[in-house]
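Peer 1: This is the structure I have questions about; it appears just below.
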Amino acid sequence: MTILTRIASRDEALLLADLRRAGARVENLPSARTACFVNAQGPGGIDDRVQEMRAEADPFGAALLQAVQGLSCDAVYFGSLLAGDLDAALILRIAECFPRAIKLFDAQGPLRVR
2 MTILTRIASR
12 DEALLLADLR
22 RAGARVENLP
32 SARTACFVNA
42 QGPGGIDDRV
52 QEMRAEADPF
62 GAALLQAVQG
72 LSCDAVYFGS
82 LLAGDLDAAL
92 ILRIAECFPR
102 AIKLFDAQGP
112 LRVR
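Numbering-wise, the sequence shown is residues 2 to 115 according to the working numbering.
Following this line, the structure appears as structure tokens:
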């Protein structure tokens, strides 16, 4: 498994070590910041949750397209955290790099209201 992500270089050892120990190949395309969400649950339980975005990672761009060159895979999962992390043209270009792979798109990030 190969994971391509964007986090701040200073957070890489802490946040990616477990994935690497588990055998995943993790490529970090460094960002100025690491995305950070803080969730607070109100008295109404899980349905009374407030989410605050404290930091946004840089969006993926041409560096992501370069990072996928030479990779092979059976599935491509697009799991962005925020609208604008991956623009539609970039998603299509990456999908074209893996014509036989299953494409999975997680809409939570693009639909998240800031």
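From the three backbone atoms N, C-alpha and C, an ideal C-beta is built for every residue, glycine too. Source: prediction; values computed, not measured.
In the stretch 38–76, which residue ranges form an unbroken beta strand (DSSP E) of at least 3 residues, counting only runs that do not cross its ends?
Peer 2: Within the stretch 38–76, the complete beta strand (DSSP E) runs of at least 3 residues are 50–56.
Peer 1: In three-state DSSP terms, what is residue 82?
Peer 2: coil
Peer 1: Can you tell which of 84, 95, 23, 91 has its C-alpha closest to the C-alpha of residue 76?
Peer 2: 95
Peer 1: Going by alpha carbons, who is nearest to residue 27 out of 33, 8, 42?
Peer 2: 8
Peer 1: Is it true that the CB of residue 87 sits closer than 8 Å to the CB of residue 79?
Peer 2: Yes, the pair counts as a contact, with Cβ atoms nearer than the cut-off.
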